[in-house]
Amino acid sequence: MKSDEPLYWRSLEELASTDDFRAFVEDEFPNRTPDWNDPESRRGFLRVMGASILLVGASACTRQPKEVIVPYVRQPEELIPGNPLFYATAMSVAGIATGVLAESHLGRPTKIEGNPEHPASLGATDAAMQASVLTLYDPDRSQTVTRNGSISGWGSFITALVGARDVAGLKKGLGFRILTGTVTSPTLATQIQNFLAEFPAAKWHQYDPCGRHSVRSGAMAAFGKPLNTIYRFDRADVIVSLDADFLSSTVPGSLRYARDYSTRRRAAAENPNVAPPRLYIAENAPSVTGSMADHHFRMTAAGVAGFTADLARGGTGAASPEARGVLKDLEAHRGSSIVIAGEHQAPQVHAFVHAINQALGNVGKTVIYTDPVEANPLDEISSIVDLVKDMRDGAVETLLILGGNPVYDAPADLSFLDALKRVKLRVHSGLYSNETAAWCHWHVPEAHYLESWSDGRAYDGTASIVQPLIMPLYGGKTAHEVMNILANRADQSAHDTVRGYWQANHKGDDFDDFWQISLHDGVIAGTSFPEKLPPAAKAIDPAAIASLGATAPAGLEIVFRPDPCVGDGTLSNNAWLQEMPKPQNKMTWDNAVWISSKSAEHYGVTTGDVVEIELKGRKVAGPVWIMPGQADESLTIHFGYGRTRAGKVADGIGFDAYTLRPTDALWQGTGVSIRRKSDGYKFANTQHTQTMEERDPFRAATYAEFHKDPEFARPEEKRVAKDLSLFPLWEYKQHKWGMSIDLNSCTGCNACTIACQSENNIPVVGKEEVAKGRHMNWLRVDRYFKGPLEDPEMYFQPVPCMHCEDALCELVCPVAATVHSAEGLNEMVYNRCVGTRYCSNNCPYKVRRFNFFLYADWNTESLFGVRNPDVSVRSRGVMEKCSYCIQRINSAKIDAEKQDRPVKDGDIVTACQQACPAQAIVFGDLNNPNSRVAKLKRQQRDYGLLEELNTRPRTTYLARLRNPNPDLEKG
Amino acid sequence: MKPEDQEFTSVATLDPGPDKVIGPGHDYGSVTDEIGGVVFRPFLKTPRQMFIGFAFAFLLVNLLMIAVTWLFVRGVGVWGINMPVAWGFAIVNFVWWIGIGHAGTLISAILLLLKQDWRTSINRFSEAMTLFAVACAGMFPILHLGRPWLAYWLLPYPNTMWMWPQPRSPLIWDVFAVSTYATVSLLFWFTGLIPDFATMRDKAGNSTARKIFGMLAMGWRNSAKHWARYQKAYLLLAGLSTPLVVSVHSVVSFDFAVAILPGWHTTIFPPYFVAGAIYSGFAMVLTLAIPVRRWYHLEDLITMRHIECMSKVMLGTGLIVAYGYAMEAFMAWYSGGQFERYAFVNRMWAGGYWWTYWVLILCNILIPQALWSRRVRMSVRAVFAIALVVNVGMWLERFVIVVTSLTRDFVPSSWGMYYPTIWDWSTYLGTIGVFLALMFLFVRVLPAISIFEMREVVHHTAKEPTHALGD
Amino acid sequence: MLSETKVSEHAENLHGIMAEFDDPESLLAAAQQARLEGYRDMDAYAPMPVEGLAEAIGFRGSWVQRLVFLGGLCGAAGGFMLCWWITVIAYPHNVAGRPLNSWPAYVPITFELMVLIACITAVVGMLMLNGLPQPYHPVFNVERFARASRDKFFLCIEASDPKFEPVATRQFLERLNPQEVMDVAL
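First to last, the protein sequences are chains A, B and C.
Position in the first sequence (first residue = 1) + 1 = the numbering used here.
The numbers in the numbering used here rise by one with no breaks, and the one at position 281 of the second sequence is 262.
Position in the third sequence (first residue = 1) + 472 = the numbering used here.
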């Protein structure tokens, strides 16, 4: 096929599979843009676009074909070009679903927002959810069915799979295995159950590398049956977190938890009658939850178990003064306290914590138990161990892997790959043709959740229907459809399957309404699990305490954790997340071996050294990062890196922590040794200065200090008279936009950063450029350490453009490319900018970002789809910065005008504000004295960053309030 | 009459020593021939050093071409600049070159008004230097733009969008100041050349040269009326250039003084930038004059008197600059402003570039103090060496001001270092190449010393007219 | 070169008669003599400015400075108006909260434009008043005149002078003991 022939009338799949089509793709788009990760990969990056070009074209945005085409006369109602539509759906991470609203422009999903109706979201999202829309358009996604690596078709795949099933069927399904991640989808579970019912000898295994293994086993240990625990942080006066990072997205329901916790903190800060909550945390590595804590006990992960045992001893028995203090506090708040154990702590710790909560009478008040949300809760570790054992024994003839990537992330000691090779027929279905797909006979592309019909349950059991916004770009199929093949219903669509399930389980004859409402709301009414009163937790016998208490071993310990940005590795190929600075050390594009300064000294290593870590004979080499607040004798390494078949973005960056991870030390192990190999490893961090250098950009005080001096946030030397000016101040008659950021609520989770990136088409620049200090995030989250380097307080401060009324940047722009709007916005006129960069030099907040190269990707057509059509894509040589989401302001104003009413407070929600789970960011009209933002700015804690420069920033901050325990207050 | 090589003139090219601005035995004819001879020398009789020097300079020019091509193809990202250090070598070099230019105007204008006879044999030369330095300087503001092809947007010209520049920005002031400065320097230089063009026209051996010089001379015929108007105009130019030269570097210093950045936001900048400019300018004049004087045996026209006077000016302006540094630091401390103070802590020891500050103190303040000694001022080598040192020092001063201040400003989270890339260096060296190449060409094809003014000197010094040669 | 006899025969195609001197002093003296003699249309040529020479041949003060003053005024006014017009009339914006008419910021441009226009008028004005550029002038017909730009000094009494009379004038000039006296052909 020659490139000038019309392409649009052929079957796209057929096209995608022809070689000359690929050739066409290649010469049509030569390599031009600067690269994401390394200069080479860009070429390949374009190459793999393959079918995406046309398929995206087919979906919505395409260049006009040369031929005469028929205009879109029969426009579906509710689809108005230029006006986005929002659809409620749900995104599942490790099986747990969270409701989202997906924004669609002419059929293109461009932005993810939280679903206010959904209990796990309440309108908030985390960074991973924001970034998921980029994965949808990722040209590296697998695009065709492959058989032994060469392109094949669905037809032959169906034949092969059905054949294998029939062979197995002769022996009641013996030797036929299905491996999934944690499944909460009622439909999928039922489909699998039905299959197993038909073929009783077949088996269903579940494995999620970073699943809630300890949580499940802990509940089993305590109650003898699996139970799901839900915490009500809005009701808790005292919270004791034993290595539980419940504010970060590693915990199901974290968004809800963050909301509840911050609501409580805010209430306390604003209303003296509300008791401020107090948070204790014991952890080995600083976490975002740790940054909110009033007391931060730095101890090894094993030490946390010891500390738990200490707490379990109760009142006077406790050995450490910290434990005694904490217990005293807990005793004082029976029924209004929470003890929460970390996802990654041993089951024993969880068992203890259940008992402690019961003893404190928290159950039913702050700690709620329900049935497990997993459709089939089982010990996933033993499940995968069994699978591997059977594979090794040759007992597995057909293995159907629905999602997941066990070759990469199964525990290392299982050597999953060797076992896998013994399986006769290996089938993998996934978003990417990943490490596992490489070793499977068949690989079939899976549909992204924005392309899928499905369902799932939230952390509290609430079920949601997942509805697609777009036809599968790469012809992917959902797990439901694959299961349908096994059920001889290959022709049944996922939609029919899901709808069928709910119809079958629906009582009453109003199903159509029910279905419509459920789709519309994004939650299925009344599906959240009822509260359950658990049986008395197994009493804690002293022996157990002794054993647990004794598990604080000598020597170096290693701690495995999912990466704060790319999690367990499923998100590795997402450039937004790769370039998202990790909250604690602002590192991008890498994972590192975190070590405390003391230990670093002890082992003679320092930041940038590459060390070889050995655990039980397995080795991995990675660069060292000295992390303030890290426990001594405790290394932390993160999963999700060292990918080999993730895609052009993630391949070959970082090191693979899974290669070290054994089944008996899933989360932490001891007896690890490190050896310095080389030095001078170059990290790409977005922040280099750790401390505040006596400048207090972030201001915090204890409640005691606050009551003594309510104005502490605005000390004399940092204040200027409101009207201090040589010339008359400009008046903003109609609107006066402003923003307030509550540092008392902000957890530094970065959701706002990625929301901003998604909303404003912010380009990704790649590791090299970040290392040069050229990252582009309009909204950065600064991280400061305060106090001793070993155990400092960690503070986060989101910094968008301050929209100063006397904006220094404007004064020095020679071409008036940045000027003030009548509503007080500091506007950036990209087309007028010539790129002197003077504005950035003169910006005391350094919030301006410059396109040193052509950063925006003008070549990869599949990525055009993700762009927000309301925001212009910047070109080389222009300055850019936060615009207060001016496109949202204007659309809200237009709507108000159409309805002939003034803009109401809350009509305009900026992207960062919308995403924030802690509701720390509030935007609004300062001319309206009753607007939320105006009220916040009237608070005593309100202060402007660098106010003393008299820049009159429109963005101001609310100072952090801490509530330490007087008994434990360090001198 | 036939063009005469400098060798043929009977006057010995001896340095008459520190109290004379011209060697013994010179008359109107001999100075004319000696200076003109440089231009009319047969091509192959050009001193070898000139060939070597020009070849070297031309090499650097090509380096510049490559660097600029790459810059335009890829974008300013090829340089080491980043956030927070959005200005790097480009601006450092811009300020450095502009500064160098200033000595030329000063010598030709201010010293003319002050009736300094010793300016005569170096003013033409240093005016040329001004032009070429300004040319180099002028390149950078355009090259450093993110979108250099839109540089003309900084000019106030009517356009369909009806958009105009923003005259509150010091960069717009720069546009006017630098372009005015370039234009005026050119006028001044050309005006000075007109009578000498006439001389060259009348001396020219071959007709091409005569035609070219003839056109440039525009029919100048040394009439007393011409001279009268000429001197008036020349004096007025000098009078206007004097405040201009002061204003130009003040405006350049506003680029920094107007900004709020600690280390930039300093009221003392204008005066001490001007002093610094003259300082570096004289250093550059010496750096160039000393070799040329040697290669073309002009010791009798550029005498020790000139060299000593320039050394004294260097010493003086150097002391003003030193005072500037001291005041800057004192005010930073005395202001009590946290950011101001830190800017200097950063500059002097805390920051990553602390050493540049001390090298600059060494180059600009300590070493030049040697010029207090007459023996040093009398030694051409010593003066040459010090001039070089000062050139380096003044470049470092701009680096310290521009880059070091940017690396650490207000919010610690966005502090960062700046590392120049090979392209930063290539562009810098490239402009040095352009400058030298133009200088070499100038010395070869135009009278590098003002002939008619030398005749005046002869007239004033040697009262009784001696017999011209060639009779 | 034309022979002197020939020239005196065709007095009507003379530009004037020229005397050559060795040094400025004698030229100046000669010029003053000629003026006393009553000659008005004459010009003196010297390789460099000679004090008093212009006055000696009856040159009245130059206009250059007046032109320059006007030029400066225009430049300054234009500069300020440009800034004011841009920021207040043509392209009014709230920039950094400063008033539209931020006159202090206009000072540099006002000043620079003043100097620029003034300097241009100075040079252009000087050339205009001197009647330059001028491709042809009869004095260049005298070969020795080339040295007027080197080391010789010339006084030329022009034929246009009412008192000019080829023979008498030549005799008068020879009385000033010049190096040489030459006719200047048109």
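Cβ coordinates follow ideal geometry from the N, Cα and C atoms, glycine included.
Is the CB of M520/C under 7 Å away from at least one CB in chain B?
-> True, the Cβ-Cβ gap to chain B drops below 7 Å.
Pull up the CB-CB distance for D633/A and S597/A, whole angstroms please, since I reckon it's below 8 Å.
-> Indeed, because the Cβ distance is near 5 Å, the residues count as touching under 8 Å.
Taking Cβ-Cβ distances shorter than 8 Å, what residues in chain B pair up with Y511/C?
-> Those do not exist, as Y511/C stays about 14 Å from chain B at its closest Cβ, beyond 8 Å.
Listed in chain order, which residues of the stretch 671 to 694 of chain A have Cβ atoms closer than 8 Å to some Cβ of chain B?
-> Cβ contacts with chain B: Q688, H689, T690, T692, M693, E694.
Are the CB atoms of V612/A and I675/A nearer to each other than 7 Å?
-> Yes. Within cutoff.
Own chain residues within Cβ distance below 6 Å of A368/B, not counting five before or after = Here the set comprises A264, L267, T268.
N- and C-terminal bounds of the alpha helix (DSSP H) containing Y704/A = First-last of the alpha helix (DSSP H) with Y704/A: 704 to 709.
Leaving out five residues on either side along the sequence, give the residues of the same chain with a beta carbon under 7 Å from the beta carbon of L94/B.
-> These residues qualify, in order along the chain: A219, G220, T223.
Taking M196/B as the reference, which of R182/B, N203/B, W208/B, G186/B has the closest Cα?
-> For M196/B, the nearest C-alpha among the options comes from R182/B.
For T180/B, decide whether its Cβ has a neighbour in chain E, counting only Cβ atoms nearer than 7 Å.
-> Here chain E cannot be found, since the structure's protein chains are A, B and C.
Buried versus exposed call for M472/A [16 or more other C-beta atoms within 10 Å across all chains shown] = Counting Cβ neighbours within 10 Å, M472/A comes out exposed, since fewer than 16 surround it.
Which of helix, strand or coil DSSP assigns to Q735/A | Residue state, collapsed to three classes: coil.
Along the chain, where does the beta strand (DSSP E) that runs through H804/A open and close?
-> Going by DSSP, H804/A is part of no beta strand (DSSP E) at all; its letter is neither H nor E.
When the Cα of L557/A is compared with those of G115/A, E332/A, M300/A, M221/A, which residue comes out closest?
-> Of the listed residues, the one whose Cα sits closest to L557/A is M300/A.
Would you kindly work out how many angstroms separate the C-alpha atoms of N761/A and N574/A, rounded to a whole number?
-> Approximately 21 Å between the Cα atoms of the pair.
Please state whether DSSP places D515/C in a helix, a strand or coil.
-> D515/C falls in the strand class under three-state DSSP.
Residues from the stretch 945 to 967 of chain A in contact with chain C, defined by Cβ distance under 7 Å = If the cut-off is 7 Å between Cβ atoms, the stretch 945 to 967 of chain A has nothing near chain C.
Nearest-angstrom Cα distance between L473/B and V879/A?
-> Residue 473/B lies beyond the range of chain B shown here (-18 to 452); nothing can be said about it.
Is the stretch 902 to 910 of chain A touching the stretch 740 to 754 of chain A, taking contact as three or more C-beta pairs under 8 Å?
-> No, because fewer than three Cβ pairs between the stretch 902 to 910 of chain A and the stretch 740 to 754 of chain A fall closer than 8 Å, the two stretches do not touch.
Cβ of V656/C within 7 Å of any chain A Cβ | Taking CB atoms only, V656/C has no neighbour in chain A less than 7 Å away.
Contact set between L86/A and chain C, taken where Cβ atoms lie within less than 8 Å | Those within 8 Å of L86/A in chain C number zero; the least Cβ separation is about 36 Å.
Does the beta-carbon of H83/B have 16 or more other beta-carbons within 10 angstroms, so that it is buried, or is it exposed?
-> Looking at its Cβ environment, which holds 16 or more other Cβ atoms inside 10 Å, H83/B is buried.
As assigned by DSSP and simplified to three states, the class of K894/A | K894/A: helix per DSSP, three-state reduction.
Whole-angstrom distance between L554/C and Y138/B, CA atom to CA atom | Each residue's Cα considered, the two are about 11 Å apart.
Measuring CA to CA, which of R696/A, N843/A, H821/A is closest to R322/B?
-> Relative to the Cα of R322/B, the nearest Cα in the group R696/A, N843/A, H821/A belongs to R696/A.
Closest to H355/A by CA distance: which of W595/A, S249/A, S218/A is it?
-> If we check each option's Cα against that of H355/A, S218/A comes out closest.
Same chain only: Cβ atoms within 7 Å of T493/B, ignoring 5 sequence neighbours per side = Residue 493/B is absent from the structure shown; chain B starts at -18 and stops at 452.
Hey, could you find the ends of the alpha helix (DSSP H) H444/A is sitting in?
-> It is not in any alpha helix (DSSP H) - H444/A instead sits in the beta strand (DSSP E) that spans 443 to 446.
Exposed or buried, what is D968/A when buried is set at 16 or more other beta-carbons lying within 10 Å of its beta-carbon?
-> It counts as exposed.
Integer Cβ distance of A488/A from Q192/A, believed to fall under 8 Å = Rounded, the Cβ-Cβ distance is 7 Å, consistent with contact.
Between the beta-carbon of T528/A and the beta-carbon of A376/A, is there less than 7 Å?
-> A distance of 7 Å or more separates the beta carbons of T528/A and A376/A.
Is it true that the CB of A270/A sits closer than 7 Å to the CB of L962/A?
-> Closer than 7 Å, so yes.
Length of the line joining the Cα atoms of G80/B and L167/B | Going by the C-alpha atoms only, they are around 17 Å apart.
Are the C-beta atoms of L221/B and some chain C residue less than 7 Å apart?
-> Yes, contact with chain C.
Could you please give the first and the last residue of the uninterrupted beta strand (DSSP E) stretch that includes S465/A?
-> First-last of the beta strand (DSSP E) with S465/A: 464 to 467.
In angstroms, rounded to a whole number, what distance separates the CA positions of F24/B and E280/B?
-> Distance between the alpha carbons of F24/B and E280/B: 22 Å.
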